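**Student:** Handing you this structure, nothing more for now.
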Amino acid sequence: MRKLFFIAMAVALASCNTDAVMSDTQSLPNYWDKNDTISFTIPQLDSLKQYNVFLHLRNTNDYRFNNLFLIVSMEFPHGKTIQDTLEYRMAKPSGEWLGEGIGNLKENKFWFREGVRFPEEGTYTLRIMQAVRNNGEVEGVTKLKGITDVGYSIEEASQQQ
């Protein structure tokens, strides 16, 4: 009976994110060092389809900021690289966390790119770095506390876009 329960739970959890063509997550030790680049290898996808690329981030109450700055780059198989500096809101003005989850852990799903094509044969590389700074300081936050996981997902874009 116990075995059946665990199988049912595994199936239920696996079916929660059926939109993702692929995804991956890397765990962090409850902080993100400013020198740590999170890298993901993405195999070639169908070059005729369009995809939406999302970034995923989990944080705890140890995160001290209401926003998040990221430097995100995607390297194509033949050397072309696109890079963006992005800002995402993490909390409401009241201090209440945005995202999904109960208690101390929240997960956010952020748009990175919409309608992306993967036309080149080979593997792509997605790199994510944190670029958070304290107000009035030039140097970035050395250890960004409260970040537990960083990831991405790729979903097929709907035909209505």
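Residues -20 to -1, 1 to 141 (mature numbering (1 follows the signal peptide of the UniProt record, and there is no 0)) are what the sequence shown spells out, left to right.
Cβ atoms here follow ideal geometry from the backbone N, Cα and C, with glycine treated the same way.
All figures in this text were calculated on a predicted structure; none of them were measured in a lab.
Using only the alpha-carbon positions, how far apart do Q110 and G131 sit?
**Tutor:** For the purposes of this step, residue 110 is taken as the residue at position 130 of the sequence shown. For the purposes of this step, residue 131 is taken as the residue at position 151 of the sequence shown. Spanning the two alpha carbons is a distance of roughly 13 Å.
**Student:** Does the segment 94 to 103 come close enough to the segment 2 to 17 to have 3 or more Cβ pairs within less than 8 Å?
**Tutor:** No: the two stretches stay apart, fewer than three of their Cβ pairs being nearer than 8 Å.
**Student:** Once DSSP output is grouped into helix, strand and coil, what is the label at I127?
**Tutor:** Here the question's residue 127 lines up with position 147 in the sequence shown. Note: I127 maps to strand in three-state DSSP.
**Student:** Tell me, which residues are paired with E117 by DSSP?
**Tutor:** Locating residue 117 in the sequence shown gives position 137, counting from the first residue. DSSP lists no partner for E117.
**Student:** Can L25 and T128 be called in contact, C-beta distance under 8 Å?
**Tutor:** In the sequence shown, residue 25 corresponds to position 45, counting from 1. In the sequence shown, residue 128 corresponds to position 148, counting from 1. No, they are not a contact pair.
**Student:** According to the neighbour-count rule (16 or more other Cβ atoms, all chains shown, within 10 Å of its Cβ), is R97 buried or exposed?
**Tutor:** The residue you call residue 97 lines up with position 117 of the sequence shown. Exposed, because fewer than 16 other Cβ atoms sit within 10 Å of the Cβ of R97.
**Student:** How close, in whole Å, do the beta carbons of L124 and F20 come, if the pair is a contact with beta carbons under 8 Å?
**Tutor:** Here the question's residue 124 lines up with position 144 in the sequence shown. Here the question's residue 20 lines up with position 40 in the sequence shown. About 19 Å separates the two Cβ atoms, so there is no contact after all.
**Student:** Hey, how far is the Cα of E80 from the Cα of L35?
**Tutor:** Position 100 of the sequence shown, counted from the start, is the residue given in the question as residue 80. Position 55 of the sequence shown, counted from the start, is the residue given in the question as residue 35. Taking the straight line joining both Cα atoms gives about 14 Å.
**Student:** Is Y104 helix, strand or coil by DSSP?
**Tutor:** Position 124 of the sequence shown, counted from the start, is the residue given in the question as residue 104. Correct three-state label for Y104: strand.
**Student:** Please name the residue in L28, G120, L37, F45 whose C-alpha comes closest to that of W91.
**Tutor:** In the sequence shown, the residue the question calls residue 91 occupies position 111. Selected option, being the one with the closest Cα: L37.
**Student:** Just list the residues that DSSP pairs R38 with in beta bridges.
**Tutor:** The count along the sequence shown starts at 1 and reaches residue 38 at position 58. R38 pairs with E87, D129.
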